[in-house]
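Number of protein chains: 2
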Amino acid sequence: MGIFSKTCEYAVRAVFFIAQRTADGSRVGIKEIATSIDSPEHFLAKILQDLSKRGIIQSVKGPHGGFYLDDQSLARPLSDVIEAVDGGGIFRDCGLGLKECSSKNPCPLHNDFLDVRNRLQSMLENITIGQFNGDLNLGTVVLKR
Amino acid sequence: MGIFSKTCEYAVRAVFFIAQRTADGSRVGIKEIATSIDSPEHFLAKILQDLSKRGIIQSVKGPHGGFYLDDQSLARPLSDVIEAVDGGGIFRDCGLGLKECSSKNPCPLHNDFLDVRNRLQSMLENITIGQFNGDLNLGTVVLKR
DNA sequence: ATAATAAAAGATATTTTTATCTTCTATTAT
DNA sequence: ATAATAGAAGATAAAAATATCTTTTATTAT
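Right under this line is the structure:
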């Protein structure tokens, strides 16, 4: 497995895709999202339903419905998606799995991991959901394969 | 879950513990290791058997047997343990789970993740299994709780 | 040689993650 | 109103990770 869970990987790819495809105010359906980011449709549906409930993304039912992002959502930091899906553990938990690891009671790698986690967090806090729309349009970055 | 799997967390904690407890040439049994690092005994046994087969740690059966580390093992980088247990994916795989992500075919986060992964890797390559023995003896770092 | 010890190995079980399928409900165009 | 559409929700299932228990094998002290 990678840094994030499969669930989280799908969520981030989907959110980037929705951002690009709905920048003009339109909506995009779950089938098209799943195909475009190469994820299992029904599994992704659950993930997006959860993100929708939490207000990270928007959705409308019925004909011409689908998922989309409003301006506020487009401006959100990517870290919000990770927090919503995987929880913020990756930004906070001990690298060796100790529940009470802290500067007062550190594991051997406490400071080293603090540094790595903080870099990861600030990186994800400084990326917005909508910021790759241009690159995705140009095809200079990809969301499948 | 954290950065690493539970399996990997147990492995690293165990290896640090074995390093400290066998620096004098003695050996330490699986029961004592499991208790001392707060891990399930039989599960940890499998992990250590695997590390032993791969030559990352050493073991001897029978009375006064147990696990220990020779000088070469004490000097190994911690990254060898992670590679052995979780595979090196954490140092190499795409943050968004794309199989073919590369500088030629990058995901939106390719460069950012490259940076984070490289930092993690070089951190783990520059830590040796035996380097915390002093701190563990002093109790300034811990392996449980 | 024998008994005691401790790792190795095998079988099984539980939990979590990932995935699929079906039914229900809300929305929109007609 | 009605039919079509598409997300929401619920029930199941498959796979992977985590955990436990039992039996076997190798080693050592006696």
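Protein sequences appear in the order of chains Y and F. At position 90 of the first sequence the residue is numbered 89 (numbering that gives the first Met the number 0), and the sequence of numbers has no breaks. At position 115 of the second sequence the residue is numbered 114 (numbering that gives the first Met the number 0), and the sequence of numbers has no breaks. We put the CB at the ideal spot given by N, CA and C, even for glycine. The structure presented is a predicted model; accordingly, all values stated were derived computationally and were not measured.
Worksheet item: Sorted by chain position, which residues of the same chain lie with C-beta nearer than 8 Å to Q57 of chain F's C-beta, five sequence neighbours on each side aside?
Response: As a first step, residue 57 of chain F is located in the second sequence; it is residue number 58 there, counting from the start. Cβ within range, chain order: S51, F66, Y67, L68, D69, S72.
Worksheet item: What does DSSP give as the partner residues of Y67 of chain F in its beta bridges?
Response: Along the second sequence, one-based indexing puts residue 67 of chain F at 68. Per DSSP, F:Q57.
Practice prompt. Could you spell out where the alpha helix (DSSP H) holding C7 of chain F opens and where it closes?
Written response: Here residue 7 of chain F refers to the residue found at position 8 when the second sequence is read from its first residue. Run containing C7 of chain F: 5-20, per the alpha helix (DSSP H) assignment.
Fill in: Other residues of its chain near F4 of chain F: CB distance less than 7 Å, five sequence neighbours each side excluded
Residue 4 of chain F sits at position 5 when you count from the first residue of the second sequence. According to the sequence shown, residue 4 of chain F is Ser rather than Phe. Cβ neighbours of S4 of chain F beyond the five flanking positions: D85.
Worksheet item: Using 7 Å as the limit for Cβ to Cβ distance, is D79 of chain F near chain Y?
Response: Translated into positions along the second sequence, residue 79 of chain F becomes position 80. No, D79 of chain F lies away from the interface with chain Y (no Cβ there is under 7 Å from its Cβ).
Fill in: Close-in-space but distant-in-sequence residues of the same chain around C7 of chain Y (CB under 7 Å, 5 per side omitted)
By 1-based counting over the first sequence, the position of residue 7 of chain Y is 8. Closer than 7 Å at the Cβ level, and outside the excluded window around C7 of chain Y, lie I81, V84, D85.
Discussion item. For the alpha helix (DSSP H) containing S101 of chain Y, name the first residue and the last one.
Written reply: Position 102 of the first sequence, counted from the first residue, corresponds to residue 101 of chain Y. No alpha helix (DSSP H) holds S101 of chain Y; DSSP gives it neither H nor E.
Worksheet entry | Sequence-distant residues of its chain with Cβ nearer than 6 Å to D152 of chain Y (five each side left out) | One cannot answer for residue 152 of chain Y here, as it falls past the ends of chain Y, which runs 0 to 144.
Practice prompt. Find the nearest neighbour of T21 of chain Y within the set Y:V141, Y:K143, Y:G133, Y:D111, judged by alpha-carbon distance.
Written response: As a first step, residue 21 of chain Y is located in the first sequence; it is residue number 22 there, counting from the start. For T21 of chain Y, the nearest C-alpha among the options comes from Y:G133.
Discussion item. Just verifying my parser: in three-state terms, what is the DSSP assignment at V84 of chain F?
Written reply: Counting from 1 along the second sequence, the entry for residue 84 of chain F is found at position 85. Of the three classes helix, strand and coil, the one that applies to V84 of chain F here is helix, per DSSP.
Discussion item. Out of Y:R91, Y:F131, Y:N104, which one is the CA nearest neighbour of H109 of chain F?
Written reply: Taking the second sequence and counting its residues from 1, the one referred to as residue 109 of chain F is at position 110. Among Y:R91, Y:F131, Y:N104, the Cα nearest to that of H109 of chain F is on Y:F131.
Worksheet item: Buried or exposed: which applies to L43 of chain Y, given that a residue is buried once 16 or more other Cβ atoms fall within 10 Å of its Cβ?
Response: Residue mapping note: residue 43 of chain Y aligns to position 44 of the first sequence, counting from 1. Buried is the call here.
Fill in: Boundaries of the alpha helix (DSSP H) in which Q130 of chain F is found, first to last residue
Stepping through the second sequence from its first residue, residue 130 of chain F is reached at position 131. Premise fails: Q130 of chain F is in no alpha helix (DSSP H) and is neither H nor E.
Fill in: Cβ distance (whole Å) where R75 of chain Y is taken to contact T139 of chain Y below 8 Å
Indexing the first sequence from 1 puts residue 75 of chain Y at position 76. Indexing the first sequence from 1 puts residue 139 of chain Y at position 140. Not really, about 23 Å apart at Cβ, beyond 8 Å.
Item to complete: Take L97 of chain Y and list the residues in its own chain whose beta-carbon comes closer than 7 Å to its own, dropping the five residues that flank it on each side.
Response: The sequence position of residue 97 of chain Y within the first sequence is 98, counting from 1. Only C106 meet the Cβ criterion.
Worksheet item: Just how far apart, CA to CA, sit F16 of chain Y and F90 of chain Y?
Response: Numbered from its first residue, the first sequence carries residue 16 of chain Y at position 17. Numbered from its first residue, the first sequence carries residue 90 of chain Y at position 91. Cα to Cα, the separation comes out at about 25 Å.
Worksheet item: Leaving out five residues before and five after R116 of chain F in sequence, what residues of the same chain have Cβ atoms less than 6 Å from its Cβ?
Response: Taking the second sequence and counting its residues from 1, the one referred to as residue 116 of chain F is at position 117. So the list reads F90, once near-sequence residues are dropped.
Worksheet item: So, G1 of chain Y versus D111 of chain F, is the Cβ gap smaller than 7 Å?
Response: Your numbering for residue 1 of chain Y matches position 2 in the first sequence. Your numbering for residue 111 of chain F matches position 112 in the second sequence. No. Outside cutoff.
Worksheet item: Are the CB atoms of I46 of chain Y and Y9 of chain Y nearer to each other than 7 Å?
Response: Taking the first sequence and counting its residues from 1, the one referred to as residue 46 of chain Y is at position 47. Taking the first sequence and counting its residues from 1, the one referred to as residue 9 of chain Y is at position 10. A contact, by the Cβ cut-off of 7 Å.
Worksheet item: Is the distance from the Cβ of I36 of chain Y to the Cβ of L142 of chain Y below 7 Å?
Response: As a working note, residue 36 of chain Y is residue 37 in the first sequence. As a working note, residue 142 of chain Y is residue 143 in the first sequence. Yes; because the gap between Cβ atoms is below 7 Å, this pair is in contact.
Worksheet entry | Per-residue contacts from P76 of chain F into chain Y (C-beta, under 8 Å) | Reading the second sequence from its first residue, position 77 is the one you call residue 76 of chain F. Within 8 Å Cβ-Cβ: nothing; P76 of chain F doesn't reach chain Y, min ~13 Å.
Worksheet item: Is D163 of chain Y buried or exposed, if buried means 16 or more other CB atoms sit within 10 Å of its CB?
Response: The question about residue 163 of chain Y has no answer here: the residues shown for chain Y are numbered 0 through 144.
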